[in-house]
Amino acid sequence: MPAIKEYQTVAEISGPLMLVEMVDEAKYGHIVDIELGDGSIRHGQILQVENDKVLIQVFEGTRGIDVTKSTVRFLAKPLELAVSPDILGRVFNGLGEPKDNGPAIIPEKRLDINSKPINPYARNYPNEFIQTGISSIDGLNPLVRGQKLPIFSGAGLPHDQITAQIARQATILGEGEEFAVVFAAMGITFEAAQFFIDDLHQTGAIERAVMFVNLANDPAIERIATPRFALTAAEYLAFELDMHVLVILNDMTNYCEALREISAARKEVPGRRGYPGYLYTDLATVYERAGRIKEKKGSITMVPVLTMPEDDKTHPVPDLTGYITEGQIILSRPLHRKAVSPPVDVLPSLSRLKDKGIGEGKTREDHADLYNQLYAAYARGKECQELATIMGEAALSEEDKKYMTFANKFEARYVSQDYYENRSVETTLDLGWELLSMFENAELKRIDVKLIEKYMPKFRKKEREA
Amino acid sequence: MSETKQGRIVKVAGPVVVAEGMAGARMYDVVRVSELNIIGEIVELHGDLASIQVYEETTGIGPGEPVVDTEAPLSVELGPGLIESIYDGIQRPLNSLVELEGEFMSRGSALPGINREKKWHFIPTVADGTKVGPGDIIGKIQETTLVEHKIMVPFGVEGTLQRISEGDYTVVETIGVVVADDRTETELKLMQEWPVRNPRQTIKRLAPNQVLVTGQRVIDTFFPIAKGGTACVPGPFGTGKTVVQHQLAKWVDADIVVYVGCGERGNEMTDVLTEFPELKDPRSGEPLMRRSVLIANTSNMPVAAREASVYTGITIAEYFRDMGYVVALMADSTSRWAEAMREISTRLEEMPAEEGYPAYLAARIAAFYERAGRAKCCGSPEREGALSIIGAVSPPGGDLSDSVVQATLHVVKVFWSLKGELAYQRHFPAIDWLTSYSFYKQYLRECFEDKDQGLEMEELTTQAMSLLEQEAELLEIVRLVGAEALSPQDRLALETSRSIREDFLHQNAFHEVDTYTSMDKQYEMLKTILHFHKQALAAIETGVETAEIFKLPVREEIARAKYIPHEFVTKVAKIRDTIDEHIKQLHPSGVS
Ligand SMILES: Nc1ncnc2c1ncn2[C@@H]1O[C@H](COP(=O)(O)OP(=O)(O)O)[C@@H](O)[C@H]1O
Ligand SMILES: [Mg+2]
């Protein structure tokens, strides 16, 4: 163990950064403790070392730090999380310290929160369908175990209800085992965090949950570390304790803002909208920690939540996230206004890993053809809806009207469902057939004729009876 | 290695390290950084200060630690054993690394790119006493069932061949020697090295003039790529860049495929790794993996190695081109490569140009695509090789005015523009037919043995494209004044265009049959759709209602033609007879 060295040579403080001089043996990425004049302790991490000058980001912010009275201790190690099976059921702050008045964790080991990248050759392709009980996800954008599937939301949209519903209902068909939940809150309100935690309490899932909570009024820079603490806990649970872990990161936009603040303080050349040019790489080191690994039983499934500033999905945070994650579930304000809930904007939503997670033996043989057809019909119906708002319904042809009716029904019955309604995947698939039964077989060009013959008669009969 | 230059770190800032005491070091020399033996490359020299881009995470490294110059540029190893490999950006074999160090990537690993133990059966193709020079093929190895690996005399070696013999060799054993005029001997091995940042030489560049068939209808028919040609696929996230790249890697009519996953998802590489050994090459019936080399430097792997990954890939691709093969390289995504350049450049505190990218961005992109081409290869026997590059581009927000897109469009000859709106409607491949282009379109007709058929295909594609253009105009009119304003002919044009879009251009990569369409079947499908158009137009002229025509059951047959396996391609042609029959039964309105 290298000796811990102390310095009182703080030369400069600016924004969240601090420059310490005449330091020897500082290492890039290592952490420091800063003892203030009043004896209180803050935490920092080394961003750059040049000769004997060390640049440090202070997680709790620099307010009140005194250049002359502060002592900086170089701890000669990276940021670490102490882990043991006892972390389950516990609540930590954004820097991984217990926050629930419970006992300190007696560490089985300490893990570097910047874990090493998974060797792509060691990955196992995610292909096990997770039933969330939500039709717009299960039927159209299925989630699979080991996937990272974010929710792109906006201020005031019900992403908290959806994440809670997913955490409550997610199951693997035919398996009794339940998910462990790791929840990282970054700069969200007390109310939003409490809503989620209460829900876990109600279902008893809290016993299998680990929480890292940085609220809106907690130090902003801390948020850079919070998802990494959460993922370190998740990796420990998944790859050492063989658990299937669902990680919820809420809200990644706040995380990115913290990164932007550091970047601005370092006077780096800003990229789009002031975010640093390395935002993509940085986000990738968070998101790519989801997955499955060959020879390991556990897995990490990730649902990051982000709020799109001005509902703009080309904003750098959703944009770069979408470039890294394996799809996205997008919430729509117009649908929310139309009281479609959950207001999932089906067309631009996507699950990239669905293809190998569905079908015979996984969900049902008709699943792929069915969603292709539902998409095609809804896309056309949506166009007709728009045409009708511009030109009035009278301008639509009979055929267009039919597609518009379909789109309306689809939104009201398929997309809409109660936050406590847990639909089985069969129910979701059947609902799809039922809605499509308003078309002639010949119009269902995306569905294999054999499947139409097998499934459709049941629903046609139903319709005739009705 | 001899006791070489050793410097000392003075600064660490992310992936860039600065060392002092490096006087005499050369630009682009590879260095070893700190006790961890991490690999880096010199990217800037100032007096005795060297700035180094480091190929691994630098946490825990600090001033005072050593930097050792290896005095060699970043190179790849070339020889048997490349095929079926999966490497990181600096050619470390990822499969062997898992065995050695486990599932997570450790730092300072130093495994050679090519296995040293494996023996290969070498068969000489020239005899002792032959005068040989650079690029001459002296023997062969059956590397996989699909690849005959030609062993070539390395550049810089010339003289008389001696002691060459058939046998089983590792890549480092001597298979023969070349005696130069001055009597100096050079031992020949199965393996050679090449610095990745230098293009491998050829004798002469030739114009790419043959279509590289991909089995993707919208590409082959409307926007074909050539053997030795260059293409780019820009588009916002989720529009199908990676699926296009994967589809090409699977079905392209090339001898060798090099796939570079540059700063993208880990699972996409896993996908390739699990699928390719299973999928069969439609021409040979052999597993596709047996002609593939994979480079995977995913987004969470070190950013400097990402910068190097495209060079590692292209050098390996050039090496196979030099054997006289048709090689296709896919790089997904070149934007991540450009961003890696930008990250390094920012740390070097270089003056940024647009969007923070370094001023040399466009030059680097151009130089990379210039390494594609059809060429007369060095050495004997005389031969031609071709290397195509297909680069995905991921512009922020899908905005095509992005620097990387613009720099790429300056040099590539094919542009497949992916559109968000098409992807949201699940029209895949979401290649926008109105804005995409190909400079190789003129060679399409030569894909067909029958000259007339080639010419006809050319006419069909022209007609189909003009219908699609007409559709765009008609839809504009509908949006302004409603559908009533359209004449029956216009309505038919709309329906035929819909059929071209849905029944021909739309192609499901995940459907067993639809994933690949032979050139013949593409011709039959398009001909059938346009045959319907022609017959329907004639019927309209005689006064038949369009509604009657659109209701014809044969239209469903046209729509399902894509699912007819290639063996039954004549069935597609037969649909035209059914069309004739059905249309014949229609009568002008008012007549029964
Ligand atoms: N040819 C295709 N057939 C069927 N689905 C496709 C096709 N191309 C793209 N997709 C769908 O679109 C998704 C996103 O495609 P991808 O290539 O990963 O996008 P990008 O690389 O542009 O982000 C895929 O997961 C798949 O579901
Ligand atoms: Mg992609």
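Quick note, the sequences are listed as chains A and B, same order. Here the numbering used here is used: position 102 in the first sequence is 102, and no number is missing along the way. Add 1000 to a position in the second sequence, counting from 1, and you land on the number used in the numbering used here. By construction, the Cβ of each residue, glycine as well, lies at the ideal position given by its N, Cα and C atoms. All figures in this text were calculated on a predicted structure; none of them were measured in a lab.
- Bounds of the beta strand (DSSP E) holding Pro1073 (chain B) are Pro1066 to Pro1073.
- With a threshold of 8 Å between beta carbons, Ala1407 (chain B) makes no contact with chain A.
- With fewer than 16 other Cβ atoms from the protein chains shown falling within 10 Å of its own Cβ, Ser40 (chain A) counts as exposed.
- The beta-carbon separation of Glu1057 (chain B) and Arg1107 (chain B), rounded to 6 Å, stays under the 8 Å limit for a contact.
- Using a C-beta cut-off of 8 Å, the stretch 1435 to 1445 of chain B makes contact with the stretch 1218 to 1234 of chain B, since at least three inter-stretch Cβ pairs fall below that distance.
- Distances taken from the Cβ of Val1405 (chain B) to the heavy atoms of ligand 1 include none shorter than 7 Å.
- What Thr232 (chain A) touches in chain B, judged by beta-carbon distance under 9 Å, is nothing: the nearest beta carbon there is about 12 Å away.
- These are the residues, in chain order, with a beta carbon less than 5 Å from any non-hydrogen atom of ligand 2: B:Lys1241 and B:Thr1242.
- In this structure, Pro1234 (chain B) sits away from Val1481 (chain B), with a CB-CB distance that is not shorter than 8 Å.
- Collapsing the DSSP output to three states places Ile41 (chain A) in a strand.
- At least one heavy atom of ligand 1 is found less than 7 Å from the C-beta of Arg352 (chain A).
- The continuous alpha helix (DSSP H) containing Thr405 (chain A) extends over residues Glu398 to Lys409.
- Using a Cβ-Cβ cut-off of 8 Å, Asn51 (chain A) is close to Val1010, Lys1011 and Pro1063 of chain B, given in chain order.
- Note: His244 (chain A) is bridge-paired with A:Ser299 in the DSSP secondary-structure output.
- For His1046 (chain B), DSSP records a beta bridge to B:Leu1049.
- Distances from the CA of Phe1104 (chain B) to each of A:Asp100, A:Asn114, A:Val303 and A:Pro334 were compared; the closest alpha carbon is that of A:Asn114.
- Where Met1457 (chain B) is concerned, the enclosing alpha helix (DSSP H) starts and stops at Lys1451 to Val1481.
- As a beta-bridge residue in DSSP terms, Lys1140 (chain B) pairs with B:Ile1123 and B:Lys1150.
- Of the candidates B:Ile1164, B:Ala1013, B:Phe1428 and B:Arg1479, B:Phe1428 places its Cα closest to the Cα of Arg1217 (chain B).
- Between Val182 (chain A) and Ala230 (chain A), the C-beta spacing is below 8 Å.
- In the three-state DSSP reduction, Leu1212 (chain B) falls in the coil class, being neither helix nor strand.
- In this structure, Gln131 (chain A) places its C-beta atom within 8 Å of the C-beta atom of Thr171 (chain A).
- Of the heavy atoms belonging to ligand 1, at least one sits nearer than 7 Å to the Cβ of Asp355 (chain A).
- At a Cβ-Cβ threshold of 8 Å, Gly1007 (chain B) and Ala1050 (chain B) count as neighbours.
- Contact annotation: the stretch 219 to 235 of chain A touches the stretch 54 to 65 of chain A, with at least three C-beta pairs closer than 8 Å.
- In the three-state scheme derived from DSSP, where H, G and I count as helix and E and B as strand, Val1569 (chain B) is classed as helix.
- At least one CB atom of chain A sits nearer than 8 Å to the CB of Phe1510 (chain B).
- For Pro1488 (chain B) and Val1544 (chain B), the gap between their C-alpha atoms comes out near 9 Å.
- Residue pairing from DSSP places Tyr7 (chain A) in a beta bridge opposite A:Val72.
- DSSP assignment within the stretch 1349 to 1417 of chain B yields the following whole beta strand (DSSP E) runs of 3 residues or more, N-terminal first: 1373 to 1376 and 1384 to 1393.
- Contact between the stretch 376 to 384 of chain A and the stretch 393 to 413 of chain A is established, with three or more Cβ pairs separated by less than 8 Å.
- For Ile1090 (chain B), the CB contacts under 6 Å within the same chain, skipping 5 residues up- and downstream, are Tyr1055, Ala1305 and Ala1308 in chain order.
- The beta-carbon of Ser136 (chain A) is placed no less than 8 Å from the nearest beta-carbon of chain B.
- Only residues of its own chain outside the window of five on either side were considered, and among them Val182, Val245, Val247 and Ile300 have a CB closer than 6 Å to the CB of Ala234 (chain A), listed in chain order.
- Under the criterion of beta carbons closer than 8 Å, Ser135 (chain A) and Gln417 (chain A) qualify as touching, at roughly 6 Å.
- Partner residues in the beta bridge of Leu1329 (chain B), as assigned by DSSP, are B:Val1258 and B:Ile1389.
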